[in-house]
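Chemist:
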Amino acid sequence: MAPMVVALILGWWLVAVSRAQQLPRPSLSLHPSQRVSLGDNVTLRCHLPQPAAWVRLYQYDNPTYIEQKDNVQDMAEFSLAEIKKEDAVIYQCQYQGLAPAGISEKSDPMKLVVTDHSYPPPGISLSLEEYVEIGSNVTIRCWNNISGVAFFLHKEGHSAPVQRQKLSAGSMGTFTLFGVTPADSGTYRCSYRISGCCLLFSPLGDNVTLEVIPRPAIPGVSGGASRNLVATVAGGCASAIVFIIVLTVSFLLVAQRRRMQTDERPGATPRSPEAVQFQVSPSDSEGLTYAQLQAVTPSTYPPDSSTTPEPSIIYTEVGTRGPR
Numbered sequence: 533m534a535p536m537v538v539a540l541i542l543g544w545w546l547v548a549v550s551r552a553q554q555l556p557r558p559s560l561s562l563h564p565s566q567r568v569s570l571g572d573n574v575t576l577r578c579h580l581p582q583p584a585a586w587v588r589l590y591q592y593d594n595p596t597y598i599e600q601k602d603n604v605q606d607m608a609e610f611s612l613a614e615i616k617k618e619d620a621v622i623y624q625c626q627y628q629g630l631a632p633a634g635i636s637e638k639s640d641p642m643k644l645v646v647t648d649h650s651y652p653p654p655g656i657s658l659s660l661e662e663y664v665e666i667g668s669n670v671t672i673r674c675w676n677n678i679s680g681v682a683f684f685l686h687k688e689g690h691s692a693p694v695q696r697q698k699l700s701a702g703s704m705g706t707f708t709l710f711g712v713t714p715a716d717s718g719t720y721r722c723s724y725r726i727s728g729c730c731l732l733f734s735p736l737g738d739n740v741t742l743e744v745i746p747r748p749a750i751p752g753v754s755g756g757a758s759r760n761l762v763a764t765v766a767g768g769c770a771s772a773i774v775f776i777i778v779l780t781v782s783f784l785l786v787a788q789r790r791r792m793q794t795d796e797r798p799g800a801t802p803r804s805p806e807a808v809q810f811q812v813s814p815s816d817s818e819g820l821t822y823a824q825l826q827a828v829t830p831s832t833y834p835p836d837s838s839t840t841p842e843p844s845i846i847y848t849e850v851g852t853r854g855p856r
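Residues 533 to 856 (this note's numbering) make up the sequence shown, in order.
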């Protein structure tokens, strides 16, 4: 049991020491970074985090280095003159540090993509019009007269292809942009990779321009939340006004009906002109020419009132003579 524990402790110690001595990885860049054609000159730069005793350039998955630079401070340059098809591969670099000593890991892979202008550029087309609405699905098709190639979709302003289609037996590639947004607006081109050992591509073909526009407003729905809020408030105010009007009319009708019922009660004094009663005294034997008319006006005082109004006496001339 004790030997096993010692072995485990020794193993952990060795791992810790190796990690402590591990050097930061370098980085590799390509100049020019794109549009490299057969016959061009290319420079690969290995950037170091510290001074190195040597720096080596490798092709990917090849244990034998291509070239070595000694006593490098912060960057080593490797030049490739008159690029050939065999140079269109993936590269990495590595260095040996001075203090602390040790050998770093290899850098991240760097692709050297080369264009072969002996191949014709592909064609391109859009499935929809140039102007499409937000949220639409757009299909871009690329084609050529060579079968068994991989198509790539390029967007202006991007160094790397935005989409890739694997090798197929046909001579057409299809790329779909789902639910496009204004960020998808731009100019697109196609290229295809020629089958073989290397990163050899065709020239870029003609371009198509895609512009994503907002959807047209639906009549009666535009205006957003603010307009809906205004409509809601206006509807509430209108309902309140109608309710107040109906309540007022109902109150007036009830009041009028109560007034009519009060007027029709038994014993109520009818509202009509005051009646006038005339009393004519009988004529005497001498044939009076005046008659005494007593006008009696209905009293408005209560029956138990102590004030009794005097009846009015009206005299009028009454003809009692017969015809002549």
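All residues carry an ideal CB built from backbone N, CA and C; glycine is no exception.
Is Cys769 helix, strand or coil when you go by DSSP?
Modeler: Looking at Cys769 - three-state DSSP - the assignment turns out to be helix.
Chemist: Which partner residues of Phe775 appear in the DSSP bridge assignment?
Modeler: Its beta-bridge partners do not exist; DSSP assigns none.
Chemist: Give me the Cα-Cα distance between His686 and Ala692, rounded to the nearest whole angstrom.
Modeler: So the alpha carbons of these two residues sit roughly 7 Å apart.
Chemist: Within the same chain, show all residues whose beta-carbon is closer than 8 Å to that of Gly718, passing over the 5 residues directly before and after it, in chain order.
Modeler: Cβ within range, chain order: Lys687, Glu688, Gly689, Thr741, Leu742.
Chemist: Any idea which residues DSSP pairs His579 with across the strands?
Modeler: According to DSSP, which records beta bridges pairwise, His579 is partnered with Ser559, Met607.
Chemist: Kindly give me the distance between the Cβ atoms of Glu618 and Cys730, rounded to whole angstroms, as I take these residues to be in contact under 8 Å.
Modeler: Sure, about 7 Å apart at Cβ, within 8 Å.
Chemist: Between the Cα of Ser559 and the Cα atoms of Glu614, Lys643, Ala770, Ala787, which residue gives the shortest distance?
Modeler: Cα-wise, what sits closest to Ser559 is Lys643.
Chemist: Under 8 Å between the Cβ atoms of Asn573 and Glu599?
Modeler: Result no, Cβ atoms of Asn573 and Glu599 do not sit closer than 8 Å.
Chemist: Determine the direct distance from the alpha carbon of Ile678 to that of Leu576, and round the result to whole angstroms.
Modeler: Approximately 32 Å between the Cα atoms of the pair.
Chemist: In three-state DSSP terms, what is Arg791?
Modeler: If DSSP states are grouped into helix, strand and coil, Arg791 belongs with the helices.
Chemist: Kindly indicate which residue of Ile666, Gln628, Phe683 has the alpha-carbon position closest to the one of Ile672.
Modeler: Of the listed residues, the one whose Cα sits closest to Ile672 is Phe683.
Chemist: Cutting at 7 Å between CB atoms, please list the residues of its own chain near Pro805, excluding the five before and the five after it.
Modeler: In this predicted model, Pro805 has a pLDDT of only 44, less than 50, meaning its place in the structure is not dependable enough to derive any value.
Chemist: Within a Cβ cutoff of 6 Å, which residues of the same chain sit near Asn739, ignoring the five residues on either side of it in sequence?
Modeler: The answer, listed in chain order, is Thr719, Arg721.
Chemist: Just to confirm my understanding: we take Val694, look at its own chain, exclude 5 residues before and 5 after, and list those with CB closer than 6 Å. What are they?
Modeler: Leu685, Lys687, listed in sequence order.
Chemist: In terms of alpha-carbon separation, which member of Leu562, Thr596, His649 lies closest to Gly571?
Modeler: Per the Cα distances, His649.
Chemist: Measuring straight from C-alpha to C-alpha, what distance separates Leu709 and Gly728?
Modeler: So the two alpha carbons sit approximately 29 Å from each other.
Chemist: My understanding is that Leu732 touches Val646, with C-beta atoms under 8 Å, so please give their C-beta distance in whole angstroms.
Modeler: About 6 Å; that satisfies the 8 Å criterion.
Chemist: Could you give the distance in angstroms between the alpha-carbon of Pro581 and the alpha-carbon of Lys698?
Modeler: Straight-line Cα distance between these residues: approximately 38 Å.
Chemist: Need the endpoints of the beta strand (DSSP E) that Ile672 sits in, please.
Modeler: Where Ile672 is concerned, the enclosing beta strand (DSSP E) stretches over 670-675.
Chemist: For a test of your reading of the model: does the CB of Glu618 fall under 7 Å from any non-hydrogen atom of the ligand ATP? Yes or no.
Modeler: In terms of ligand content, the structure shown is empty, and the ligand ATP therefore cannot be addressed.
Chemist: Within the same chain, show all residues whose beta-carbon is closer than 6 Å to that of Ser611, passing over the 5 residues directly before and after it, in chain order.
Modeler: Here the set comprises Thr575.
Chemist: Could you pull the start and end residues of the beta strand (DSSP E) that Ser657 belongs to?
Modeler: Run containing Ser657: 655-658, per the beta strand (DSSP E) assignment.
Chemist: Between Cys578 and Ile666, what straight-line distance do the alpha-carbon atoms span, to the nearest angstrom?
Modeler: Rounded to the nearest angstrom, the two C-alpha atoms are 44 Å apart.
Chemist: Please report the distance separating the alpha-carbon of Ala633 from that of Asp606.
Modeler: Roughly 16 Å between the two C-alpha positions.
Chemist: In angstroms with no decimal places, state the Cα-to-Cα distance between Ile622 and Leu736.
Modeler: C-alpha separation (whole angstroms): 21 Å.
Chemist: Measure from the alpha carbon of Val604 to the alpha carbon of each residue in Ser639, Ala584, Pro652, Ile635, then state which is nearest.
Modeler: Closest option to Val604, Cα to Cα, is Ala584.
Chemist: Where Leu658 and Val681 are concerned, what is the direct C-alpha to C-alpha distance, given to the nearest angstrom?
Modeler: Computed Cα separation, rounded: 21 Å.
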